[in-house]
Amino acid sequence: MTKPLIVVNFKTYASASGATAETLAVAMEAHSNGPARMVAVVSAFDLEAVRRAAPSLEVWSQHLDPVGQGGFTGWLEPKTAIHRGAQGTIINHAEHKVEMDHVQRLLPQLPEDFPVCGCAADLEEAKSLAEMGPTFIAVEPPELIGGDISVTTADPSIVSDTVAVVKATNPDVRVLCGAGVKNGQDVATAIKLGAEGVLLASGVTKASDVASVLNDLVSLL
C-alpha cells in the first residue's frame with residue numbers, strides 16, 4: 001500500500017527559513033522511514049541547504065514558473081530549481097495564486113517523475129486542475145488556512161466531494177487536504193474521507209516541540 005503523505009509547507013516563517021529550515025528538515029528526516037511519506041516544501045532560497053542537511057528527506061519547491069533559461073529576471077525557472085535540489089513542487093497555493101494557464105504551461109516543462117501538487121480552493125478549481133493531470137491536488141479552503149479548526153472538522157464534505165470530483169475527472173490524480181490540519185486525528189480523518197495525505201504548515205513550523213507534533217501526526221496511520 002502507498003504511504004499517505006505528510007506535506008509540510010515551510011512558507012517564509014522565521015521558524016522555517018534559513019538555518020531553522022535546515023533544523024526542521026532534519027527533524028522531519030527522522031520520520032522518513034515511518035508510516036508516512038514526509039515532504040518538506042521550502043523556499044527556493046533554501047532548497048540546496050535543506051537537501052544537504054537532510055539528504056534522505058523529499059524536498060519540494062513552493063512555486064515554479066513556466067519559463068526557460070534566458071531573459072526571465074526574478075522568475076523561478078524549473079531547470080535551475082531542480083539543479084538546486086527540488087524534487088517536486090506545489091503550485092497555485094492560496095498565498096501565491098496563478099492562472100490555470102500557468103499550470104498548463106508549466107507541466108510539460110517538468111520531468112515525468114517530478115511530483116506536482118496543484119492547490120485548489122474549491123471544487124471548481126480542483127476539477128480544472130484535475131483536467132491537466134498533476135500528480136496531486138490539495139484542497140485548502142482559504143478561510144481555514146493557518147487557523148485552529150481543520151477542514152476535516154469544519155466541513156468534511158469538502159474533502160470527500162473533492163475526492164469524488166477529482167477521481168471522476170482523472171482517476172490517476174491523488175488528493176490531499178489542508179487548512180487547519182494540526183494532529184494525528186486530522187490526518188486519520190482525512191484518510192478516512194478518501195484523501196491520500198495532508199498539506200499543512202503552522203501546525204509543524206510553529207510548534208514548540210516539532211518532534212512531538214510529527215510523532216502525533218503519524219500516530220494513527
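Going by our numbering, the sequence shown opens with residue 1, and the numbers climb by one from there.
Cβ coordinates follow ideal geometry from the N, Cα and C atoms, glycine included.
Are there 16 or more other CB atoms within 10 angstroms of the CB of Lys-182, so buried, or fewer, so exposed? Counting from one through the sequence shown, the residue named residue 182 turns up at place 182. Looking at its Cβ environment, which holds 16 or more other Cβ atoms inside 10 Å, Lys-182 is buried.
Could you pull out every residue in the same chain whose Cβ sits closer than 6 Å to the Cβ of Arg-174, ignoring the five residues on either side in sequence? Locating residue 174 in the sequence shown gives position 174, where the first residue counts as 1. Cβ within range, chain order: Phe-136, Glu-196.
Kindly indicate the opening and closing residues of the alpha helix (DSSP H) around Arg-84. One-based indexing of the sequence shown puts residue 84 at position 84. Taken as a continuous stretch (DSSP letters only), Arg-84 belongs to no alpha helix (DSSP H), as it is neither H nor E.
Quick test of the definition: if touching needs 3 or more C-beta pairs under 8 Å, does the segment 146-155 touch the segment 29-44? Judged by Cβ distances under 8 Å, the segment 146-155 makes no contact with the segment 29-44, as fewer than three pairs qualify.
Using 10 angstroms around the beta-carbon of Gly-133, count the other beta-carbons present and answer buried if the total reaches 16, otherwise exposed. Position 133 of the sequence shown, counted from the first residue, corresponds to residue 133. Result: exposed.
Over the uninterrupted beta strand (DSSP E) stretch that includes Ile-137, give me the two end residues. Translated into positions along the sequence shown, residue 137 becomes position 137. First-last of the beta strand (DSSP E) with Ile-137: 136-139.
Strictly under 8 Å for the Cβ-Cβ distance: is Gly-133 near chain B by that measure? Within the model displayed, chain B is absent; a lone protein chain is all it includes.
Answer yes or no: do Ala-86 and Ala-54 have a C-beta to C-beta separation smaller than 8 Å? The count along the sequence shown starts at 1 and reaches residue 86 at position 86. The count along the sequence shown starts at 1 and reaches residue 54 at position 54. No, these two residues do not count as a Cβ contact at 8 Å.
Cβ pair Val-59, Leu-76 closer than 8 Å: Residue numbering aside, residue 59 sits at position 59 when the sequence shown is read from its first letter. Residue numbering aside, residue 76 sits at position 76 when the sequence shown is read from its first letter. Against a cut-off of 8 Å, the Cβ pair of Leu-76 and Val-59 comes out as no contact.
Flag this pair as yes or no: are the beta carbons of Asn-9 and Leu-199 separated by less than 8 Å? Reading the sequence shown from its first residue, position 9 is the one you call residue 9. Reading the sequence shown from its first residue, position 199 is the one you call residue 199. Taking 8 Å as the Cβ cut-off, Asn-9 and Leu-199 qualify as a contacting pair.
Separation of Arg-51 from Pro-141, as counted between CA atoms: Translated into the one-based positions of the sequence shown, residue 141 becomes position 141. Translated into the one-based positions of the sequence shown, residue 51 becomes position 51. Each residue's Cα considered, the two are about 30 Å apart.
According to DSSP, is Ile-91 helix, strand or coil? Along the sequence shown, read from residue 1 onward, the residue named residue 91 stands at position 91. Strand at Ile-91.
With Gln-185 and Leu-214 assumed to form a contact (beta carbons below 8 Å), what rounded beta-carbon distance in angstroms separates them? As a working note, residue 185 is residue 185 in the sequence shown. As a working note, residue 214 is residue 214 in the sequence shown. The distance from the Cβ of Gln-185 to that of Leu-214 is about 15 Å, inconsistent with a contact at the 8 Å cut-off.
Can you tell me which of Val-67, Pro-4, Gly-70, Ser-17 puts its alpha carbon nearest to the alpha carbon of Ala-44? Mapped onto the sequence shown, residue 44 falls at position 44. Taking only the C-alpha atoms, the option nearest Ala-44 is Ser-17.
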